[in-house]
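Note sheet for the following structure.
Numbering (the numbering used here), first residue to last: 6 to 94.
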């Protein structure tokens, strides 16, 4: 895959920690992997948004209580995931 050289401005503490974690491995490869994961997440969220828009066209607006339930569900999942990742670190 072709590569493009770019200039990034990143928080010094983040770069220092990343360097300490990746050691002799490529800093560029680590940043590229993080960017690729972020792009994949954004692509997934866009697909979910598109799917929800299709459902809304077909079935009407989502009731507010359903949106609130879904928001709580996602927040709880994110909290459990964050708690789990801290325990394994």
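Every residue gets a Cβ at the ideal spot worked out from N, C-alpha and C, and that includes glycine.
Keep in mind the model is a prediction, meaning the values are calculated, not measured.
With DSSP collapsed to three states, give me the class of residue i.
i, result
"residue 83", "helix"
"residue 71", "helix"
"residue 21", "helix"
"residue 89", "helix"
"residue 13", "coil"
Please confirm whether residue i and residue j have their CB atoms less than 7 Å apart.
i, j, result
"residue 35", "residue 27", "yes"
Starting from residue i, follow the alpha helix (DSSP H) in both directions and report where the run begins and ends.
i, result
"residue 46", "32–64"
Can you tell me whether residue i is buried or exposed, with buried defined as 16 or more other CB within 10 angstroms of its CB?
i, result
"residue 40", "exposed"
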